[in-house]
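Notes to accompany the following structure.
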């Protein structure tokens, strides 16, 4: 496997990435919260793209994986800046963002700032606005007070060690919400969602489908698939969705 490369961003962060060449459009994998570019989906998609001769970019947000910074210091806006910097510096031409969980929110934010470059989009258990609708909405009065006084709270995770959620993450998230204003997606979009997902509900997927505007949007609910969405059949569905938005099926 090729060695990890690094990009210094305009914000002074150092991002780890892998970029494989080939023809466009470039598949850009946008990982989830506290995930990294060595996850099953990211590595699989790079190998799949390489076999097809298609360009692919996977990278670590700041505070994730091999990139600089601490997770606890980051927020949705920082990771959005990371995604924009990586795409601007490392890719040319049309893009297909493939966003997983928080990466689904990042894909929507990316489309908002550079819609002219998006050829199609695939999301997997997309979690737009989760800092507000998931975290803040479920916080107890004690947790909200802790955010104000201590500056953070710790939340358990079904998939890894507890998340440290900071006041900055909540406040910044409110400036990045995409479900409170028009969300235009003028390109083919495929939303993938497992019905056994305990982190992102099917109701969230349906809300996103109903809220977004576009002429070619579909939601695929996969019975009994969980939040990881990374077994063989699910990986095959991601491949099919990419081909679908590319018009290659």
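In this note's numbering, the protein residues as written are 32 to 280.
Glycine is no exception: its CB is placed at the ideal position from the N, C-alpha and C atoms.
Note down, one range per segment and in chain order, each alpha helix (DSSP H) of at least 4 residues found wholly within the region 65-110.
-> 71-83
Compute the Euclidean distance between the alpha carbons of residue 142 and residue 217, then round it to the nearest angstrom.
-> 9 Å
Can the beta-carbon of residue 98 be found less than 7 Å from the beta-carbon of residue 91?
-> Their beta carbons are under 7 Å apart, which means residue 98 touches residue 91 by this criterion.
Residue 245 versus residue 40 - alpha carbon distance = 32 Å
Where are the beta strand (DSSP E) runs, 3 residues long or more, that stay fully inside the region 152-198, in chain order?
-> Whole beta strand (DSSP E) segments, 3+ residues: 152-155, 183-186 and 194-197.
Mind checking which residues open and close the alpha helix (DSSP H) that includes residue 144?
-> 133-144
Assign residue 206 to one of two classes, buried (16 or more other C-beta atoms within 10 Å of its C-beta) or exposed (fewer than that).
-> exposed
Per DSSP, the bridge partner or partners of residue 248 | 220
Return the CA-CA distance between residue 254 and residue 120, expressed in angstroms with no decimal places.
-> 39 Å
Are the CB atoms of residue 93 and residue 67 nearer to each other than 7 Å?
-> Their beta carbons are not under 7 Å apart, which means residue 93 does not touch residue 67 by this criterion.
State the CB to CB distance for the pair residue 138 and residue 38, rounded to an integer number of angstroms; the pair is presumed to be in contact (CB under 8 Å).
-> So it is not a contact: roughly 19 Å between Cβ atoms.
How far does the beta strand (DSSP E) with residue 57 in it reach, from first residue to last?
-> 54-61
Within 10 angstroms of its Cβ, does residue 292 collect 16 or more other Cβ (buried), or is it exposed?
-> Because the chain in this structure spans residues 32 to 280, residue 292 falls outside the shown range and cannot be described.
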